[in-house]
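Quick note on numbering: the first sequence equals residues 1 to 177 in full-length UniProt numbering. For reference, the structure is listed below as structure tokens.
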Amino acid sequence: MKTAKGKDKVKTTKEALKPVDDRKVGKRKAPAEKATKRETRKEKKAKKDPNKPKRAPSAFFVFLEDFRVTFKKENPNVKAVSAVGKAGGQKWKSMSQAEKAPYEEKAAKRKAEYEKQMDAYNKNMEEGSDESEKSRSEVNDEDEASGEEELLEKEAAGDDEEEEEDDDDDDDDEEED
DNA sequence: CATGTGATTGTTAGC
DNA sequence: GCTAACAATCACATG
């Protein structure tokens, strides 16, 4: 039982305090140099590291992928990426954790892959002293394929398991706010 | 021709 | 611990 300590496990601060909630952020206290990037940080293309693993898409992005398709389907005229982002974000907030659960799960899986890629990237960097990229590529490929299968299997394995968590708050529908 | 930008939130890594 | 930056997407605009 949790009695007094039940909901304390909720992230702690964040929505309650939200020190830097404003996406604009402006510059709560950010140093001048970094603040500039915050305005428009998009120089990711400048780097050409083929091994550089991209960050794993969060549950929100996973949901967005699916949402974008639906959104575009109903709004084929809308081509603004911002429109999908806004609509998606709004809906995302509307969704209860139960709905986000499957997305989070997928995101978690994505993260696992990201970690694996990081491992490969790490290795490459270590051994990357020479220009034997070809050799490394082959090894990496094998490793990746192996892991992918495992993940897929795991997903197909458990699907009839209904997870109900009556931990502290039963958020079947919407939650606070 | 090529690449940055805009907007969303979440996650991660650096200090 | 907190802050900054980046993850996808697509059409447009600028160099």
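Think of the CB as a built atom: it goes at the ideal place given N, C-alpha and C, for glycine as much as any other residue.
CB-CB under 6 Å to residue i, same chain, minus the five flanking residues each way: which ones, in chain order?
{"i": "Phe67", "result": "Gly88"}
{"i": "residue 199", "result": "What is shown of the chain runs 1 to 177, which leaves residue 199 out entirely."}
{"i": "Ala107", "result": "Ser58, Ala59, Val62"}
Can you tell me which of the three DSSP states residue i falls into?
{"i": "Met95", "result": "coil"}
{"i": "Pro102", "result": "helix"}
{"i": "Ala83", "result": "helix"}
{"i": "Arg110", "result": "helix"}
{"i": "Ala120", "result": "helix"}
Could you pull the start and end residues of the alpha helix (DSSP H) that residue i belongs to?
{"i": "Lys72", "result": "59-74"}
How would you call residue i, buried or exposed, if buried means at least 16 neighbouring beta carbons within 10 angstroms?
{"i": "Val69", "result": "exposed"}
{"i": "Val81", "result": "exposed"}
{"i": "Val84", "result": "buried"}
Identify, in the order they occur along the chain, each residue of the same chain with its Cβ nearer than 7 Å to the Cβ of residue i, setting aside the five sequence neighbours on each side.
{"i": "Pro76", "result": "none"}
{"i": "Glu104", "result": "Ala59"}
{"i": "Lys18", "result": "With a pLDDT of 43 at Lys18, under the threshold of 50, the modelled position of that residue is not reliable, and the figure given next carries that caveat. Contacts found: none."}
Can you name, in chain order, every residue of its own chain whose Cβ lies under 8 Å from the Cβ of residue i, other than the five neighbours on each side?
{"i": "Phe71", "result": "Val78, Ala83, Val84, Ala87, Gly88"}
{"i": "Lys91", "result": "Phe67"}
When you measure from the CB of residue i to every non-hydrogen atom of the ligand ZN, does any distance come out below 7 Å?
{"i": "Phe61", "result": "The ligand ZN is absent from the structure shown, which contains no ligands of any kind."}
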